[in-house]
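To start, the structure under review is shown below, and the notes come after it.
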Amino acid sequence: SIQAQQLSQIVSSLQNIRHIILILSGKGGVGKSSVTTQLALSLVHKGNKVGILDIDLTGPSIPRMLGLDKMQVHQASGGWVPVYAGLEDKNQRLCCMSIGFLLQNKDDSIIWRGPKKNAMIRQFLADVCWGDLDYLVIDTPPGTSDEHISIAEYLKETNPDGAVIVTTPQAVALADVRKELNFCKKVGIPVLGVVENMSGFVCPHCEECTNLFSTGGGEAMAEEFGVSFLGRIPIDPSITTLFETNQTENSASGSLVTQYSQTNVFKIF
Ligand code: ADP
């Protein structure tokens, strides 16, 4: 069980952060980390100071997506110093803390048991020197595991704004979203809304959008649960190229700005 002292450490570590947003998904591979990165970058480009906390211990992909995967975190007297993305505009600020920065070998996987994972998550929440942030966007592991229950408990006194749930349009993914929505209800985390990722394929030649899978499921589910539907992001091969090719952070953020400015998904914040 969580001790009061641990909770107060977390509250004090996150006290200068105005908004805390969790990104959840029912399963892996639906684009949770891509959405986290795009959301964070869109908030930065609106003039906010943003931090990303990557606690997807199963596959920490944020450092790679930001072109920061060769970086390491430093330990200062006040805790871990997050890694800063070198954005073109020097007034902009985006920093990141990830389990990925702590792995010796990037291909290592985390095969810890629950208690060790929970301790790691607690340390990430209590021991990072974020400084003043407008937003902290937290990329969580897929599903609703013990780790999620810990995260919800650790964060309960920090008043997180809520969770964005990422899904794809297929029925199997939607069944998992249902679990995710029920989980949020149970632990008292408000749901900011549902994003349907990989929703249709935009032809690079004619720009017509083809629905490869059924569509509208995310929206129907959001309606059923009385939560907002934030919008759709089509399958766009340039997103994959961007995130798979280890580009520099400058070109990645530049291209991404163009990406999400075309969608309404990130305009709600
Ligand atoms: P998750 O965090 O849910 O496991 P990722 O964000 O790592 O998923 O995405 C899985 C893969 O799908 C990555 O290779 C990513 O680049 C790709 N991807 C995600 N969203 C899109 C999209 N809208 N269009 C094309 N590729 C995408």
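Numbering of the sequence shown is given in the UniProt record's numbering, commencing with residue 4 and proceeding in unit increments. Virtual Cβ for every residue (Gly too), placed ideally from N, Cα, C.
Assigned exposure category for residue i - 16 Cβ within 10 Å defines buried
i    : result
Q8   : exposed
K73  : exposed
Q41  : buried
N121 : buried
D149 : exposed
S202 : buried
E160 : exposed
R116 : exposed
Q18  : exposed
E210 : exposed
K35  : buried
Distance CB(residue i)-CB(residue j) smaller than 8 angstroms
i    : j    : result
I141 : I23  : yes
K105 : V86  : A small correction: the amino acid at residue 105 is Leu; Lys does not occupy that position in the sequence shown. No.
V180 : G29  : yes
I238 : V197 : no
D130 : G82  : yes
S153 : I192 : no
T143 : I13  : no
Cα-Cα separation between residue i and residue j, rounded to whole angstroms
i           : j    : result
N249        : V205 : Because the pLDDT at N249 is just 47, under 50, the model does not fix this residue reliably, and the point stays unresolved.
S16         : L128 : 7 angstroms
residue 273 : F186 : There is simply no residue 273 to check, as the chain begins at 4 and stops at 272 in what is shown.
V47         : L139 : 11 angstroms
L233        : E227 : 14 angstroms
N51         : S11  : 26 angstroms
V84         : K119 : 21 angstroms
V33         : M224 : 16 angstroms
T147        : K182 : 8 angstroms
I26         : S37  : 10 angstroms
C212        : G220 : 17 angstroms
S101        : A43  : 14 angstroms
L60         : P145 : 10 angstroms
P163        : I55  : 14 angstroms
R21         : G229 : 26 angstroms
A155        : S231 : 21 angstroms
Residue i in three-state terms, based on DSSP
i    : result
I154 : helix
H48  : helix
S11  : helix
L42  : helix
R125 : helix
S231 : coil
G221 : helix
G29  : coil
P237 : strand
G34  : coil
G203 : strand
What are the complete alpha helix (DSSP H) segments, minimum 4 residues, inside the region 136-199? Contiguous alpha helix (DSSP H) elements confined to the region 136-199 occur at 149-158 and 174-190, taking only those with 4 or more residues.
Check your understanding: If you scan the region 56-111 from start to end, which runs of the beta strand (DSSP E) of 3 or more residues do you find wholly inside it?
Key -> Whole beta strand (DSSP E) segments, 3+ residues: 77-79, 82-84 and 96-101.
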